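Numbering (the UniProt record's numbering), first residue to last: 1 to 407.
All C-beta atoms, glycine included, are put in the ideal place defined by N, C-alpha and C.
Computed from a predicted structure; not experimentally measured.
Let me begin by presenting the structure, written as structure tokens, before commenting on it.
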């Protein structure tokens, strides 16, 4: 049995496929992911995967998203054990070597429509996002997870026999992260605009995903205009980070316990050349008062219909401190994050993150908090800065989209 790696590079919601050249020994002319032989211990196949990605595409710093379980593929008298990997890259620049005749970035269901190496779709499914990965991810924000949810919907629609099967997956995705409005809103948008066929849902999910990527970029551009020379923030928001990288202010950022994702963002911004100060969540309000930034810029997991904002815990305290110091607070979010109602779905961290001793101590360890609308200067979206009436109008749009599952 021969062990090989197959690597999928993802940018946005597309993956890289390469047509194998006559420089390879097998499957010349067929489409494949980045692939090669496992040269050492199959248990350390990631090393071979990274080598192949570097040699065949030029990407030496691709981010590993997932390593899938090995897939056994039979092709005539050959049996291959494929070790699948999914990497994420931040551009579509590729420097192919002689093993790739040509390459394309494609929506993954296109794998099923091309002449590929054996088992390529099975290898992709082993690393593709699922309802479970969307539901259990504790690292990424709601914009990123909403894209993954749309990928799940797209991929399942590509293989479904009827609309009922797709609708079942859509319901599971819609309910996977109740605190993250964008996940449900974007799934509902894809389902509401599609004909009741799997093919229509697949096409619509791809279009909604493209629009979501555009929305994040436009919201970041608009937010960058409001940064000034210095900004305070906390937690992880891809849109906020993009805005800061455009505007390049001095940044004060809270560490954002318990996952401390603020520390990761601080390091990334500093590596990009920004002047960054990382502080504890408890010290963030006092540091804001001492430093007097030009603005507070935060993301949102949901903007409620009354204009209040649900975001990583600590946002409310930061907004209260900003009000005391007369610092404007801008929430940066795509319009898809407006919730069609005013429900708050709380998520709690592990109790042991705060206390695991023998005393009968009750633990409150919320992940999100709610910042009242009167503490928010404006909600910056791809549509511009939304006021209260604008938020209510967007909420009504989302309620209409959710009606696909009524009756």
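- Residue 1 counts as exposed, since fewer than 16 other C-beta atoms from the protein chains shown sit within 10 angstroms of its C-beta.
- Here residue 30 has 20, 115, 116 and 117 as same chain residues with Cβ atoms under 6 Å from its own Cβ, once five neighbours each way along the sequence are excluded.
- Taken atom to atom, the span from the alpha-carbon of residue 100 to that of residue 34 is near 9 Å.
- Non-local C-beta neighbours of residue 148 in its own chain, meaning closer than 6 Å and more than five positions away in sequence, comprise 129 and 134, ordered along the chain.
- In the DSSP annotation of this structure, the continuous segment of the beta strand (DSSP E) that includes residue 14 starts and ends at 14-20.
- The secondary-structure analysis by DSSP pairs residue 86 across a beta bridge with 8 and 66.
- Taking C-beta atoms under 8 Å as the contact rule, residue 327 and residue 297 fail to qualify, at a distance of about 11 Å.
- Residue 14 sits close to residue 107, with the two beta carbons spaced by under 7 Å.
- Boundaries of the alpha helix (DSSP H) harbouring residue 222: 198-224, taken from the DSSP string.
- Taking the Cα of residue 294 as reference, the smallest distance to any Cα among 72, 232 and 54 is reached at 232.
- Cβ-Cβ distances below 7 Å link residue 391 to 303, 305, 307, 338 and 379 in the same chain, with the five nearest sequence neighbours on each side left out; the list follows chain order.
- The continuous beta strand (DSSP E) containing residue 370 extends over residues 368-371.
- By the Cβ test, the segment 253-265 is in contact with the segment 278-289, since at least three Cβ pairs between them sit closer than 8 Å.
- In terms of Cβ geometry, residue 202 and residue 158 form a close pair [threshold 7 Å].
- From the listed residues 138, 364 and 170, the smallest Cα separation to residue 235 is found for 138.
- DSSP places residue 35 in the uninterrupted beta strand (DSSP E) bounded by 34-37.
- Excluding residues up to 5 positions away in sequence, 281 lie with their Cβ nearer than 7 Å to the Cβ of residue 257 in the same chain.
- DSSP, reduced to helix, strand and coil, places residue 24 outside both helices and strands of the structure shown, so it counts as coil.
- In the three-state reduction of the DSSP assignment, residue 311 falls in the strand class.
- Non-local C-beta neighbours of residue 185 in its own chain, meaning closer than 6 Å and more than five positions away in sequence, comprise 336 and 398, ordered along the chain.
- Between the beta-carbon of residue 200 and that of residue 154 there is about 12 Å, and that puts the pair past the 8 Å contact cut.
- DSSP places residue 375 within a helical segment (H, G or I) once states are collapsed to three.
- Within its own chain, the residues whose Cβ lies closer than 7 Å to the Cβ of residue 63, once the five positions on either side in sequence are excluded, are 87 and 88, listed in chain order.
- Shown here for residue 193: same chain residues with a beta carbon closer than 6 Å to its own, the five before and five after excluded, namely 204 in chain order.
- If you draw a straight line from the Cα of residue 103 to the Cα of residue 215, it comes to about 27 Å.
- Using a Cβ distance threshold of 7 Å, residue 317 and residue 358 do not count as a contacting pair.
- In the structure shown, residue 119 falls within a coil segment according to DSSP collapsed to helix, strand and coil.
- Of the other Cβ atoms in all chains shown, 16 or more fall within 10 Å of the Cβ of residue 174; this residue is therefore buried.
- Pairing residue 105 with residue 16 gives a Cβ-Cβ distance under 7 Å.
- Non-local beta-carbon contacts of residue 123 in its own chain, meaning distances under 6 Å to residues more than five positions away in sequence, involve 6, 71, 82 and 84 in chain order.
- Residue 220 and residue 125 have their C-alpha atoms spaced approximately 32 Å apart.
- Taken in chain order, the complete alpha helix (DSSP H) segments of 4 or more residues contained in the segment 145-193 are 163-174 and 181-193.
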